[in-house]
Structures are given as C-alpha cells and as structure tokens.
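Here's the structure, in structure tokens; my notes come after.
2 protein chains.
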Amino acid sequence: MATAPNIRRPDALTLEVVELIGDVVARFYEDYEEAAGEHALTGAQARLLSMLSLEPLPMRKLAQKLKCEPSNVTGIVDRLEARGLVERRPDPADRRVKLAAATEEGSRVARELRDGLRFAREPLAGLTDEERLSLRDLLRRMLTT
Amino acid sequence: MATAPNIRRPDALTLEVVELIGDVVARFYEDYEEAAGEHALTGAQARLLSMLSLEPLPMRKLAQKLKCEPSNVTGIVDRLEARGLVERRPDPADRRVKLAAATEEGSRVARELRDGLRFAREPLAGLTDEERLSLRDLLRRMLTT
DNA sequence: TATTGTTATACTCTATAACTATA
DNA sequence: TATAGTTATAGAGTATAACAATA
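In order, the protein sequences belong to chains G and F.
Quick note, my numbering runs 16 ahead of the 1-based positions in the first sequence.
Quick note, my numbering runs 16 ahead of the 1-based positions in the second sequence.
Here it is in structure tokens:
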C-alpha cells in the first residue's frame, strides 16, 4: 500500500487531498468575504485593515503584502479613511513616506472581523488537541516545502 | 458564577492552526491566479472554464456555483466565448435556457490549467503516504463539521 | 405570473503609465 | 537619479434594477 509518491503523476490520494484543500480554501474565502460584508467592507479592504490593526505600514509595504500595485493601495486606503477606519501619518524619518494606520474605530472593526470568522475555528473545535497538533505540523511542512 | 456563559476563546494552538490555514489559502490562491494568468485568464474566467470542462451548465447554474449574480456570468462567458474557449448552446428542453459549454480548445486549456497548479501538489510530495492519509482525514473532518 | 438570460448602471479592484515631492 | 505616493486611464468583476423571451 505504501507506494512512493510520483511527482509527475499524482496518485489518487494526493489528488483527493488537493481537492480537499481546494474545498477548504473555498470555505475559508466565503467565510472571510461574508464576515467582511457584515461590516460593509470588501475583501481587499478587510485584508488591508487587518494588516494595519497589527502595526502602521507605508503604502509601499501594503502593496507588497497585498501583492498588488502601489497605485491600488491609494484607493483602498482612501475609502477606509473616508469611513474613519484608517488614517495617513507622516513618517518622521522620510518625508516621502506616508504611514497608513488603523484608527481606534478601525482596530475595533478589525477585531470584530477576526472574531466573526467562523470557519477554520469552529471546525477545529471538533478536533482533539492531538489532532490539532498533527494538523499544525502537516500544514507547517506543506508551507515550507 | 459571574462568568459569561460558555464564550469560546480559542487556545493558542487553535489560533496557530487558523493562521496556518490562512497561509495555505493565500498560497493556493496565488498559485491559482498565477496559473490562470499564464493562460491570459482571470481567476473568475479560470474557475468558470474549469466548471464547464466537466459538463455544460445553464448560465443560472454557473452563477450559483460561482456565488455571484447571473448578470455577471453573461460578461464572463462573453469574454471566454470571444476567445473560442466556450460556446452557448440552446437547451432542447427549455428555450429560455442557454447552456454554456467548453469548446475542445477550452477543455484543453482547462486541463493545462489544472496541471499547472503547483501548490497543493508539490508540497504534498514531501509527505509520506501515512501523513497524506492523516491530512486527508483531518481535512475531511473539518469540512463536515 | 414566474423564470432565464440579458442590458444598463454604478462601484471596486486591478495594472500601466505619467506625474510630484522628496531623497 | 532613484524612490514613495498619487493621478489618470482602461479593463474586469460585482450587485442592483429593468427588460424581452419563454414557461
């Protein structure tokens, strides 16, 4: 039964796991978009706000993290700023840089957003500690490959 | 007791696993968008085309599967049809319905797209059969919770 | 009357290129 | 000259509402 993994032609088990991962990805995304929508945020706005709730970041850095062009960040921050969730601050060290930062209200929304994510939390509650440890290690290994 | 009734606060391990799942989701999405881009397809176009590569579907059904409004499907199918990857066919049973179907070329592109997905396949090659079985069971349980 | 697909409209996200103000 | 952020532009996805053809 212990057939060696064939890289060129994935075996049935690998294909099944790939499909399961696809299902998890779909569920996670739906859940995220739904949680964002409950706060009248788009997915991009929610992701950017979540980043800023940890620490203020230059526009350039936000573009790198969101994997989009810096010009797009301008608009997303504009809309969040218009709602009072984010503000632009000067960077004392470099006057070219603008630091985007979550306001108090923005941090509150980001926290509610995180707490509103049901999937990837509720399902995990059905697993034992040992199983969660096992899952953690497997996911870690996948991400470092 | 003055304690609030059973508010679940995820432990550190659960939070770590949630974050790891988020990382996997991000990696999977990047990989999918990249694979789509290599065929000059957007993510939505690639997802729709992949669905049609299995079987022709009514526009309405596509909207349900993509979780978007039917009016959006019109445009996505329009663009795929303009490139000869998809075609609209009448439904003999109901003249209101239009069946979207992948052309031969469309099926070929969908196949290449699927084969081009590196993540969720290469990382799995680094796991043993036993580990993949374990991962499969854990993911299954998460999805049925 | 209800349903299917489309059109029209408006908003957001996206990449590209040109611009400004700093460095 | 190079970099950070912005603006302008165009294409794509999205939801909403109104519409024609068909059931």
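A virtual CB, placed ideally from N, CA and C, is assigned to each residue, including glycine.
Taking 7 angstroms as the Cβ-Cβ cut-off, the region 111-127 of chain F has no residue approaching chain G. Beta-carbon to beta-carbon, G/R63 and G/L82 are separated by about 6 angstroms, close enough to satisfy the 8 angstroms threshold.
A Cβ-Cβ distance of about 7 angstroms is found for the pair F/A118 and F/L101, placing them in contact under the 8 angstroms criterion. Interface annotation for the region 28-39 of chain G against chain F: L29, T30, E32, V33, V34, L36, I37, G38, D39, criterion Cβ-Cβ distance under 8 angstroms. Look at G/V41: its C-beta is under 9 angstroms from a C-beta on chain F. Note on the region 49-81 of chain F: whole alpha helix (DSSP H) runs with a minimum of 4 residues are 59-68, in chain order. By the rule that beta-carbons nearer than 9 angstroms mark a contact, F/L143 touches chain G.
In the DSSP assignment, F/V102 falls within the unbroken beta strand (DSSP E) covering 102-106. Around the beta carbon of F/R148, 16 or more other beta carbons sit within 10 angstroms, so the residue counts as buried.
Fully enclosed alpha helix (DSSP H) runs of no fewer than 4 residues occupy 120-131, 138-141 of the region 87-156 of chain F, in order along the chain. By the Cβ-count criterion, F/S87 is exposed, with fewer than 16 other Cβ atoms from all chains shown falling within 10 Å of its own Cβ.
At least one beta carbon of chain F lies nearer than 9 angstroms to the beta carbon of G/P26. DSSP, read as helix, strand or coil, puts G/E32 in helix.
Chain-order list of chain G residues neighbouring F/E46: K83, by C-beta distance under 9 angstroms. By the rule that beta-carbons nearer than 9 angstroms mark a contact, F/T161 touches chain G. Taking a cut-off of 8 angstroms on C-beta distances, the region 69-85 of chain G does not touch the region 30-44 of chain G, as fewer than three cross pairs fall below it.
Around the beta carbon of G/P139, a 10 Å sphere encloses 16 or more other beta carbons of the protein chains shown; the residue is thus reported as buried.
In chain order, A126, L129, R130 place their CB closer than 8 angstroms to the CB of F/S66, counting only its own chain and leaving out the 5 sequence neighbours on each side. In the three-state reduction of the DSSP assignment, F/T160 falls in the helix class. Contact with chain G is absent for F/P74, since none of that chain's Cβ atoms lies less than 9 angstroms from the residue's Cβ. Chain-ordered, the chain F residues with CB closer than 8 angstroms to the CB of G/R148 read L29, T30, V33.
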